[in-house]
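Working notes, beginning with the structure itself.
Numbering (the UniProt record's numbering), first residue to last: 1 to 180.
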């Protein structure tokens with residue numbers, strides 16, 4: 001069953017559909033409208049969405065107040081072995097500060113997308129196993145954001161080619177293991 005968590009303990013049942021992933025989402029004032037659009041889109045795709053704020057448009061808010069809760073929830077889900085089923089999306093003006101903030105949390109690999117070639121979105125998952133996507137709301141419209149998010153969620157981590165020395169896992173897995 002897909003649900004949207006509005007925050008402060010409120011839950012709204014949207015419809016009965018199989019949940020694909022749990023998505024934590026957060027945005028500051030610059031990303032607030034896009035966040036609201038993406039929440040609905042994610043629910044339509046069958047995901048469970050938990051909104052970490054902002055819960056209203058506040059022009060003077062600060063992105064770390066919403067990004068850290070998303071990143072911490074994703075990291076916690078990964079620690080509990082739910083890594084493939086838990087992702088985060090953070091939205092700000094450019095996505096840059098949001099990614100920098102999210103990447104301060106151990107276990108988080110945030111990638112930035114603010115428009116252009118979708119290959120960067122695909123590679124962020126396929127090669128880097130990004131578990132948080134930072135979007136630049138001032139750089140894209142709703143449709144571009146939806147396409148990027150859908151591609152990002154549907155792209156699996158490929159692990160990379162096997163190690164030449166016959167070691168376990170691929171080169172991408174090996175590289176990621178060195179981050180934490």
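Even glycine gets a Cβ: it sits at the ideal position worked out from N, Cα and C.
In this structure, residue 130 lies away from residue 31, with their beta-carbon atoms at least 8 Å apart. Boundaries of the beta strand (DSSP E) around residue 22: 22-27. The beta-carbon separation of residue 39 and residue 51, rounded to 6 Å, stays under the 8 Å limit for a contact. When Cβ pairs closer than 8 Å are counted between the two stretches, the stretch 87-101 is seen to touch the stretch 51-69, the count reaching three or more. The closest CA to that of residue 88, considering only 48, 94, 58, is found on 48.
Burial is judged here by how many other beta carbons sit within 10 angstroms of a residue's own beta carbon; residue 24 has at least 16 and is buried. Close CB contacts of residue 155 within its chain, under the 7 Å cut and outside five residues either way in sequence, are with 122, 125, 126 (chain order). With respect to residue 70, residue 26 sits close: the two C-beta atoms are nearer than 8 Å. Relative to the Cα of residue 132, the nearest Cα in the group 34, 78, 57, 142 belongs to 78.
Per DSSP, the beta bridge partners of residue 86 are 22. When secondary structure is reduced to three states using DSSP, residue 51 falls in the strand class. Looking at the backbone, the Cα of residue 108 and that of residue 34 are separated by about 22 Å. Cβ-Cβ distances below 6 Å link residue 148 to 113, 121 in the same chain, with the five nearest sequence neighbours on each side left out; the list follows chain order. CA-CA distance, residue 159 to residue 115, rounds to 26 Å.
Distance from the CA atom of residue 106 to the CA atom of residue 180, rounded to whole angstroms, is 7 Å. With contacts defined by Cβ atoms closer than 8 Å, residue 153 and residue 145 do not form a contacting pair. With fewer than 16 other beta carbons inside 10 angstroms of its own, residue 81 counts as exposed.
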